[in-house]
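What follows is a short report on a single structure.
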Amino acid sequence: MKLLNEAKHLVKDNIRDYGMYIALIIIMVTFTILTDGLFMSSRNISNLLDSAGYIAVLAVGVMLVIVIRHIDLSIGFLAGFLGAIAAILLMQVGMPVYIVIPIILILGIFAGTITGFLVAKIGIPAFVATLAGWLIYRGAILLVTEKTGTIIINDDVFNAIGNGNIPSLMVIGGVHLLSLLVGALAIVFYIYSTIKNRRNKIKYNFEVVSKEIFILQLVFVSAIIGYITWVLASYNGLSWTVIIMLLVVIVYHFITTKTVLGRHIYAVGSNPEAAHLSGINVSKITLLVFGSMGMLAALSGILYTSRLQSATTTAGTLFELDAIAAAFVGGVSAAGGVGKVTGAIIGALVMATLTNGMNLMGVGIAPQYIIRGGVLALAVIFDVYTRKKRV
1 MKLLNEAKHL VKDNIRDYGM YIALIIIMVT FTILTDGLFM SSRNISNLLD SAGYIAVLAV
61 GVMLVIVIRH IDLSIGFLAG FLGAIAAILL MQVGMPVYIV IPIILILGIF AGTITGFLVA
121 KIGIPAFVAT LAGWLIYRGA ILLVTEKTGT IIINDDVFNA IGNGNIPSLM VIGGVHLLSL
181 LVGALAIVFY IYSTIKNRRN KIKYNFEVVS KEIFILQLVF VSAIIGYITW VLASYNGLSW
241 TVIIMLLVVI VYHFITTKTV LGRHIYAVGS NPEAAHLSGI NVSKITLLVF GSMGMLAALS
301 GILYTSRLQS ATTTAGTLFE LDAIAAAFVG GVSAAGGVGK VTGAIIGALV MATLTNGMNL
361 MGVGIAPQYI IRGGVLALAV IFDVYTRKKR V
């Protein structure tokens, strides 16, 4: 009984962090029941994660932009434009993949830095600066695809980024061994980092949950990682898209939680004036965040273009709105200073799960937009409610 009460208080006190996970589980269970188990099939889970990849990557970047109290509307068509440039370099110029990908990422950083310069140095509001970018990159896509239309990509290596899976060392009973090993390493890493974090908190006299609740948390999260790994390994194994998503999460989670840069980003978001007075270069942080956003937009464009195996004139349409919605559903605060990388990924998965589940049920596109809009509105209402409660 004592354990149950502690668990209830833990969820209640951290509802902002746990709410999105609870919502995702409820949505997944609901669709599993409504589709007679089809939703949780290996094929569908694999397709769901692959289709969420390019939005999840964007959501991580736009989460940081919102954390520092800005917005970026240009990222969708920037992703589409850079995907088209990648297709042109591959198919018309004849460059190899290992040259094209760094070029596209550098172009993304450059584009993002220009936006950051307009916001941080010139003083143009982010909404206006990125709306201008939205229009420019939309026109740029049409310009570079004007003569050819859709550009088909026949490069197997590039197309494998969005459609391929990691190689399998061995297949035992239809299960891919390497994917299982990656999942096992992820569980070990999670347990090690969580235990280390708990010990550090105890060392500096921070409040921690009881040992029983802590063990339950380890077992529960490890079981989820293990189950998803098993489901994917039983199909075609982990895809390169999932691996790229995991790398983005690991790198950005480390930056935002373990580095001085990460602390400065949240300080700027919480109170830009106080951050400036304490010696933080707010303009530099803004440039870095927008530069990072540009790089992730480039990566998103690569993932999307390789998944379609082509560059289209409509690539990037509504990407920015899906990414912003995912960030808000994932717990980022419109007031700035609050948001997590893991939350952005979970938010992207929530939105992708809604779309995937409704498609399986045959729900029309019009009700889908209405339902997704309702979920976004509820997420923002929840954000406002929790902030007022803390005050």
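Quick note: the sequence shown uses the UniProt record's numbering, first residue 1, plus one each step.
Cβ atoms here follow ideal geometry from the backbone N, Cα and C, with glycine treated the same way.
* Who pairs with Val-57 in a beta bridge, going by DSSP? -> Note: Val-57 sits in no beta bridge, so no partner.
* Are the beta-carbon atoms belonging to Met-295 and Ile-161 less than 8 Å from one another? -> No.
* Asked: Taking all protein chains shown into account, do 16 or more other C-beta atoms lie within 10 angstroms of the C-beta of Met-20, making it buried, or fewer, making it exposed?
  -> buried
* Can you check DSSP and say which residues form a bridge with Leu-276? => Strictly speaking, residue 276 in this sequence is His, with Leu absent from that position. None; His-276 has no bridge partner.
* Which term fits Thr-115, buried or exposed, when burial requires 16 or more other beta carbons within 10 angstroms of its beta carbon? -> So Thr-115 ends up on the buried side.
* **Alpha-carbon to alpha-carbon, Arg-198 and Ile-26** => 28 Å
* Within the same chain, show all residues whose beta-carbon is closer than 8 Å to that of Val-242, passing over the 5 residues directly before and after it, in chain order. => Leu-49, Asp-50, Gly-53 and Leu-232
* Residue of Lys-211, Leu-181 and Val-182 minimising C-alpha distance to Ile-195 -> Lys-211
* **Presumed contact (8 Å Cβ cut-off) between Ala-326 and Gly-347, rounded CB distance** => That pair is a contact at about 4 Å.
* Selected residue, minimal CA-CA separation from residue 402, among Val-208, Gly-269 and Leu-287 -> The question about residue 402 has no answer, for the chain in this structure spans 1 to 391.
* **Beta-ladder partner(s) of Val-171, from DSSP** => His-176
* Taking only the alpha-carbon atoms, compute the straight-line gap between Gly-316 and Gln-92 and give it to the nearest angstrom. => 21 Å
* **Those runs of the alpha helix (DSSP H) which lie wholly inside the stretch 264–324 and span at least 4 residues** => DSSP runs (the alpha helix (DSSP H)) wholly in the stretch 264–324: 272–277 and 282–308.
* Cβ contact check for the stretch 59–79 and the stretch 295–311: 3 or more pairs under 8 Å -> The stretch 59–79, when compared against the stretch 295–311, does touch it at the 8 Å Cβ threshold.
* To do: Whole angstroms is fine: what's the gap from Ile-152's alpha carbon to Val-144's?
  => 14 Å
* Unbroken stretches of the alpha helix (DSSP H), 4 residues or longer, contained in the stretch 96–166 -> Listed in chain order, they are 97–117, 126–144 and 156–163.
* To do: Could you tell me the distance, in whole angstroms, from the CA atom of Ala-335 to the CA atom of Val-171?
  => 49 Å
* **Per-residue burial, Gly-279 [other beta carbons within 10 Å of its own, 16 or more giving buried]** => exposed
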